[in-house]
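Protein chains in written order, with the numbering used here: chain A, 1171 to 1425; chain B, 25 to 320. Heads up, the beta-carbon is just placed ideally off N, CA and C, and yes, glycines get one too. Just below is one structure, and these are the notes that go with it.
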């Protein structure tokens, strides 16, 4: 008799491999070799995972069209099947997959749009926290402010792109005309954050993402400022810091 | 909401609401919170509430303040040949501790093999080997979660040559060895009965009903094999069919009055439609209560 281990191994392999293979030990009252019945499982697995990827990357889907996207997602799930029952996190390697997927190499901004959508999903499920408001922050002693370490909201994520990734995302979510030409290849930086229930995607000033990353790594405000100035001599600390406070990205500070 | 309809149960700390519940869907969060419909309870898929924070927990917490919740896991791999995923079990325990469900259930199925999670409820043969592994896994789950688990009978499309035990005997033996309870999915009985050519009524006549603490009702789709044979698919994408309602009425008439869930997970309808399905459950239960002379 075949053992359970071999049955499940053979069943599992046939779920993601080329169609037509029948796993060991299967039967049915109507068909001794129930390929069509096995294919119900195969189809459930494929459709379920493809649907999950579709739901997580709506703008990428819109950019390439649903039929093409589903074909692409089918390739992705075969080479990157879920490694955990946490389907809410599944698909996090999809942007890197797009980077090497040969059929989308003529859409160079696609991977960055996917990165943005991945960060949006991370922010959605990130831990909750209460943001400091402006009133909390006016109490800070101005002289010592440079020595403070600011604590960022756990949902805060940043990214830099050589493309107008935020504008592309916004235009597609709002069903506006897609960008073209120079507007498309203008670099943008994004802050993705969920201060309360809704994830917000904000365009940052130049090197704003370097500044936020520096704060996130535990640098003092002064060091983060120096770090950002090193990237861009025009970096405006006041503009960036007040923007962060207004969008709820700061949840605390320590000296 | 009438909370006085509680029936007696073995879960002293978690009073069990009588009558209908529905699967909780994000599409209905606002409707539920604004209108506070008269419904017994909601069931969640544990895996959808395993993130750190965000809207899922926000809305579920608000709903949990008003309604009892039952937790239904879809990723534990109870029937898997390998060991249970301890991290996943710990996440499940967290969901149960946080939301204090009145019932907690999982499936007689497997969903992971080696390092891959297949995101589907896959079938297993019924024999001494699989019985031993299911028993070991349920013991472990109940130890870690610290609660009785209900095990759900599966819908399936294929049979195994290495099966040498009837599904009902398998379930009864699991209950006897682990002390778990059963979640009787009546649609699964109908689907599996059709797919494996046995009578759903005969199956239910033999089912160990005294261990059933919850019932599921759902819709299914249908396909035809090249041989011309009908095969039903447990799609959860439409209303419950009349024949399944008929089986449910038969159970209620026998006195099986336990929390009953309308499962509608795909092509989710508007709230009014889903609520209408749940009301059918309550009507069936109320009619039978009257027949039994109970105070309604």
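Residue burial classification, residue i (beta-carbon count within 10 angstroms, cutoff 16)
i	result
residue 204 of chain B	buried
residue 28 of chain B	With a pLDDT of 35 at residue 28 of chain B, under the threshold of 50, the modelled position of that residue is not reliable, and the figure given next carries that caveat. When all chains shown are included, residue 28 of chain B counts as exposed.
residue 85 of chain B	exposed
residue 1346 of chain A	exposed
residue 1387 of chain A	exposed
residue 1263 of chain A	exposed
Residue-chain proximity (residue i, chain B), Cβ-Cβ < 8 Å
i	result
residue 1189 of chain A	no
residue 1182 of chain A	yes
residue 1367 of chain A	yes
residue 1179 of chain A	yes
residue 1302 of chain A	no
residue 1227 of chain A	no
residue 1174 of chain A	yes
residue 1311 of chain A	no
residue 1372 of chain A	no
residue 1392 of chain A	no
residue 1185 of chain A	yes
residue 1361 of chain A	no
residue 1356 of chain A	no
residue 1196 of chain A	yes
Interface flag, residue i vs chain A, CB-CB below 8 Å
i	result
residue 192 of chain B	no
residue 53 of chain B	no
residue 102 of chain B	no
residue 224 of chain B	no
residue 142 of chain B	yes
residue 175 of chain B	no
residue 139 of chain B	yes
residue 33 of chain B	Any reading at residue 33 of chain B must be qualified, since the residue scores a pLDDT of 37, below 50, and its modelled position is unreliable; the value itself is stated next. Judged by the 8 Å Cβ criterion, residue 33 of chain B is not in contact with chain A.
residue 284 of chain B	no
residue 135 of chain B	yes
residue 181 of chain B	yes
residue 109 of chain B	yes
residue 249 of chain B	yes
residue 45 of chain B	no
residue 99 of chain B	yes
residue 49 of chain B	no
residue 164 of chain B	no
Short Cβ contact (8 Å threshold) for residue i with residue j
i	j	result
residue 167 of chain B	residue 202 of chain B	no
residue 1335 of chain A	residue 1361 of chain A	no
residue 192 of chain B	residue 227 of chain B	yes
residue 157 of chain B	residue 238 of chain B	no
residue 99 of chain B	residue 141 of chain B	yes
residue 269 of chain B	residue 47 of chain B	no
residue 148 of chain B	residue 139 of chain B	no
residue 64 of chain B	residue 94 of chain B	no
residue 290 of chain B	residue 261 of chain B	yes
residue 241 of chain B	residue 280 of chain B	no
residue 1295 of chain A	residue 1258 of chain A	yes
residue 232 of chain B	residue 206 of chain B	yes
residue 1265 of chain A	residue 1219 of chain A	no
Contacts around residue i, its chain only, beta-carbon distance under 6 Å, and the 5 residues preceding and following it disregarded
i	result
residue 1384 of chain A	1394 and 1397
residue 1320 of chain A	1385, 1420 and 1423
residue 33 of chain B	Low confidence applies to residue 33 of chain B: its pLDDT is 37, below 50, so where it sits in the model is not reliable, and the reading given next is rough at best. If we look at residue 33 of chain B and ignore the five residues flanking it on each side, its Cβ neighbours are 40.
residue 1239 of chain A	1231
residue 1332 of chain A	1357
Close beta carbons around residue i, own chain, < 7 Å, minus the five adjacent residues each side
i	result
residue 169 of chain B	116, 117, 120 and 128
residue 1196 of chain A	1204 and 1208
residue 273 of chain B	308
residue 1401 of chain A	1377 and 1380
residue 1343 of chain A	1229
residue 1290 of chain A	1362, 1369 and 1371
residue 51 of chain B	292
Close beta carbons around residue i, own chain, < 8 Å, minus the five adjacent residues each side
i	result
residue 76 of chain B	none
residue 255 of chain B	181, 218, 219, 246, 247, 248 and 249
residue 1234 of chain A	1242, 1274, 1277 and 1280
residue 1340 of chain A	1346 and 1371
residue 300 of chain B	none
residue 1304 of chain A	1415 and 1416
Note down, in chain order, all residues in the segment 1241-1260 of chain A with a beta-carbon under 9 Å from any beta-carbon belonging to chain B. 1251, 1252, 1253, 1254, 1255, 1256, 1257, 1258, 1259 and 1260
Return the residues of the segment 55-84 of chain B that lie within a Cβ-Cβ distance of less than 8 Å from chain A, sorted by chain order. 71, 72, 74, 75, 76, 77, 78, 79, 80, 81 and 82
Mind listing which residues of the segment 1198-1223 of chain A have their C-beta closer than 7 Å to chain B's C-betas, in chain order? 1198, 1199, 1200, 1201, 1204, 1206, 1207, 1208, 1210, 1211, 1214, 1215, 1218 and 1219
Selection of the segment 1313-1328 of chain A by Cβ proximity to chain B, strictly under 9 Å: 1324 and 1325
Beta carbons nearer than 8 Å to chain A: which residues of the segment 190-220 of chain B have them? 219 and 220
Select from the segment 233-247 of chain B all residues with a C-beta closer than 8 Å to any C-beta belonging to chain A, and list them in chain order. 247
Listed from N- to C-terminal order along the chain, which residues in the segment 1277-1309 of chain A have their beta-carbon within a distance smaller than 7 Å of any beta-carbon of chain B? 1294, 1295, 1296, 1297 and 1298
Using Cβ-Cβ distances below 9 Å, what residues of the segment 145-161 of chain B are close to chain A? 145, 146, 147, 148, 149, 151, 153, 154 and 157
To be precise: take each residue of the segment 113-133 of chain B, compare its Cβ to all Cβ atoms of chain A, and keep it if any distance is under 7 Å. Which residues remain? none
To be precise: take each residue of the segment 252-280 of chain B, compare its Cβ to all Cβ atoms of chain A, and keep it if any distance is under 7 Å. Which residues remain? 253, 255 and 257
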